[in-house]
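Worksheet for the structure shown next.
Numbering (my numbering), first residue to last: 2 to 724.
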């Protein structure tokens with residue numbers, strides 16, 4: 002079958018790519034400098050010449066006259082249908098319908114009828130027509146491409162993939178087939194393979210549009226190829242400097258690279274280009290948080306919460322759940338936002354749950370994370386891995402991202418029956434790896450804090466799936482059966498605000514590795530420039546958790562406690578200057594803010610013993626840092642909010658036997674901190690008690706935790722539906 006070119010090079014290409022003919026299959030054609038001369042005086046030839054010369058009305062007059070004299074001439078009827086396509090689509094379609102009545106199996110007629118149906122949004126009819134045409138003209142690339150496009154529009158992405166693959170097999174040089182397959186795999190979130198196809202497309206199409214570079218970059222992010230993704234976004238903004246989408250993507254990847262100033266510039270550009278870009282505004286808020294660069298914080302926060310509560314139809318899913326956690330503790334709102342995000346931004350969950358096995362009585366546990374190394378998550382779970390009963394469980398770990406060599410990674414590898422390093426696999430491939438290992442219970446240790454890992458469990462690699470540890474909030478997806486928590490973090494009355502069922506490990510959901518070693522070399526206040534005879538408050542946490550209300554509370558505490566200092570993580574020069582300005586505005590000498598650089602874990606742990614009281618943040622607490630502080634013997638003052646994330650620190654403080662150090666609002670927080678600071682002997686006694694009783698505290702009884710964790714696994718195994 003030969004598909005005829007459209008009457009004008011500005012018309013859509015008949016291959017179904019959606020491009021103009023002159024930018025697609027007509028790309029090699031050139032406008033004629035002289036008028037086309039008809040091959041003969043036959044009406045059809047005269048009409049074709051008129052079409053080529055840009056005179057469709059003349060062509061229609063010729064063909065109507067010819068058809069009136071020869072109404073049985075199928076070729077004339079089809080040519081008339083083509084000539085009418087631009088000026089009178091309804092008459093054109095009627096002509097194709099008449100042609101179909103005369104020649105029901107004519108593939109060209111079926112192609113155009115399918116194309117009309119696709120353009121009209123009747124995708125099932127389009128699919129039927131294209132399939133009929135392929136039955137007569139099998140393996141025709143244009144038919145395969147158009148069928149694939151119609152299947153995609155009908156929401157049948159999986160069925161479209163083999164059509165595009167076949168089109169590329171029979172026509173390896175067809176750029177449309179290559180582009181369609183790449184885009185299909187991108188929509189299926191098969192990012193690694195899609196990235197390879199986008200690379201092939203770019204190599205063969207030097208003028209590839211910015212959208213190709215943007216999609217390639219998104220694929221690369223999900224494969225942890227962050228530097229390559231950044232370069233791809235940079236190329237996109239070069240090609241399309243007015244694309245808000247490209248600038249937003251560049252801003253997001255700059256956050257991944259911890260280049261927060263560059264992220265702010267890119268995201269502000271995106272917002273200028275599209276004033277309604279809520280996603281850019283959300284990420285700009287997040288990027289500014291890493292530098293405590295707040296511009297009218299209260300108004301910006303209120304806007305994001307309003308967007309979360311009442312999104313416009315075009316901005317559903319624009320607010321990132323992880324960002325919402327840092328500014329609000331409403332678990333019901335968090336659930337709504339997580340569900341919207343899962344519905345609009347993530348791959349649809351697989352409807353098929355794998356069958357249950359356990360043939361030898363043991364369960365295969367699979368833990369997937371981007372953080373299985375010297376990272377808070379890795380340091381928390383390693384002791385649990387070591388204590389799980391190997392007569393009942395096998396442990397498989399799936400590490401996404403760069404391979405690493407450190408002490409925690411070595412322990413994790415030794416404690417696993419299988420440790421799989423999957424540096425550039427996408428979620429689909431990691432899920433398949435878990436299926437190949439026969440995982441029975443899968444644990445997502447990253448959640449919305451990562452990129453690729455968040456989608457692994459949506460492919461349902463295991464019959465039982467659990468959200469655990471890395472993200473203290475709901476994932477909003479039906480693919481995840483349970484959220485492992487405790488009754489303090491998620492009271493039973495609040496469990497309705499989580500898409501997952503609550504799987505309780507009490508008294509605290511967080512495993513605490515008791516093999517952590519403090520520095521063998523003593524540390525002193527003097528070496529860190531801390532006062533020997535004044536209260537030292539510690540607030541060593543990520544800057545994005547230090548929101549203005551919390552910072553203001555800290556300044557109030559310093560103002561009330563003479564000579565006290567606030568000991569924080571070392572920050573950028575600009576951020577430390579902003580914090581100094583904030584202190585000055587509250588009447589506090591900026592010199593009372595002290596900073597400490599990042600150090601190896603044993604020294605980092607020992608440093609906590611130099612402070613008197615750890616001040617946690619709200620609504621998103623420090624979690625692992627709180628665990629480290631308590632382990633080292635530093636009392637922690639925590640605020641218990643309403644959401645999991647806002648109660649996780651307080652849960653640990655409770656489990657450490659310090660319930661009186663948990664408050665519910667910032668005013669009580671300031672009052673309690675000041676009262677504790679004015680009783681330094683009492684504070685020292687609390688710290689001494691923590692250190693002396695650590696081995697017997699529920700928070701640090703890891704053997705007990707492991708048995709409770711195993712009981713929770715068995716409960717989940719017995720109470721998860723099989724279909």
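Built from N, CA and C at the ideal position, the CB exists for glycine as well.
Note that the coordinates shown come from a computational prediction; the quantities given were computed from them, not determined experimentally.
Simplified DSSP state of residue i, which is helix, strand or coil
i           : result
residue 472 : coil
residue 33  : Residue placement at residue 33 is poorly supported in this model, since its pLDDT is 38, which falls under 50; the coordinates still yield a value, given next. Here residue 33 sits in coil by DSSP.
residue 421 : strand
residue 539 : strand
residue 467 : strand
residue 446 : coil
residue 500 : coil
residue 385 : helix
residue 545 : helix
residue 27  : Low confidence applies here, because residue 27 scores a pLDDT of 44, under 50, leaving its location unreliable; read the following figure in that light. Three-state DSSP puts residue 27 in coil, outside helix and strand.
residue 615 : strand
residue 63  : helix
residue 664 : strand
Span of the alpha helix (DSSP H) around residue i
i           : result
residue 670 : 667-678
residue 555 : 549-561
residue 706 : 703-720
residue 1   : This structure does not reach residue 1, given that the chain is present from 2 up to 724, and the question cannot be answered.
residue 516 : That residue, residue 516, is in no alpha helix (DSSP H); it is neither H nor E in DSSP.
residue 81  : 75-85
residue 266 : 261-274
Buried or exposed by the 16-neighbour rule on C-beta atoms within 10 Å, applied to residue i
i           : result
residue 119 : buried
residue 32  : Residue placement at residue 32 is flagged as unreliable, the pLDDT there being 36, under the threshold of 50; the coordinate-derived value follows with that caveat. Burial call: exposed.
residue 88  : exposed
residue 518 : exposed
residue 665 : exposed
residue 651 : buried
residue 206 : exposed
residue 219 : buried
residue 491 : buried
residue 94  : buried
residue 629 : buried
residue 110 : buried
residue 282 : buried
residue 464 : buried
CB of residue i within 8 Å of CB of residue j, strictly
i           : j           : result
residue 604 : residue 639 : no
residue 233 : residue 249 : no
residue 642 : residue 619 : yes
residue 75  : residue 104 : yes
residue 223 : residue 453 : yes
residue 435 : residue 428 : no
residue 426 : residue 460 : no
residue 139 : residue 172 : no
residue 691 : residue 631 : yes
residue 560 : residue 588 : yes
residue 397 : residue 363 : no
residue 285 : residue 307 : no
residue 568 : residue 597 : yes
residue 339 : residue 477 : yes
residue 335 : residue 325 : yes
residue 193 : residue 430 : yes
residue 674 : residue 594 : no
residue 267 : residue 255 : yes
residue 288 : residue 271 : no
residue 370 : residue 475 : no
residue 541 : residue 579 : no
Endpoints, the beta strand (DSSP E) within which residue i is located
i           : result
residue 287 : Here residue 287 belongs to no beta strand (DSSP E); instead the alpha helix (DSSP H) covers 279-290.
residue 570 : 566-570
residue 397 : 394-401
residue 370 : 364-370
residue 486 : 483-486
residue 187 : It is not in any beta strand (DSSP E) - residue 187 instead sits in the alpha helix (DSSP H) that spans 176-188.
residue 596 : 594-597
residue 95  : Per DSSP, residue 95 belongs to no beta strand (DSSP E); it is in the alpha helix (DSSP H), 90-103.
Residue i: CB within 7 Å of a non-hydrogen atom of the ligand NAD
i           : result
residue 680 : The ligand content of the structure shown is nil, which means the ligand NAD is not present either.
**OP:** Would you be able to state if there are at least three C-beta pairs under 8 Å between the region 691-703 and the region 324-339?
**Re:** By the Cβ rule, the region 324-339 does not count as touching the region 691-703, because fewer than three pairs are nearer than 8 Å.
Original post:
Are the region 172-181 and the region 143-154 touching by the rule of at least three beta carbon pairs closer than 8 Å?
Top reply: A contact between stretches requires three or more CB pairs, one per stretch, nearer than 8 Å, and the region 172-181 meets this requirement with the region 143-154.
Original post:
Are there three or more Cβ pairs, one per stretch, closer than 8 Å when the region 606-615 is compared with the region 374-387?
Top reply: No contact exists between the region 606-615 and the region 374-387.
Original post:
Taking contact to mean at least 3 C-beta pairs separated by less than 8 Å, is the region 524-535 in contact with the region 496-509?
Top reply: Proximity of the region 524-535 to the region 496-509 falls short of the contact definition, fewer than three beta-carbon pairs being nearer than 8 Å.
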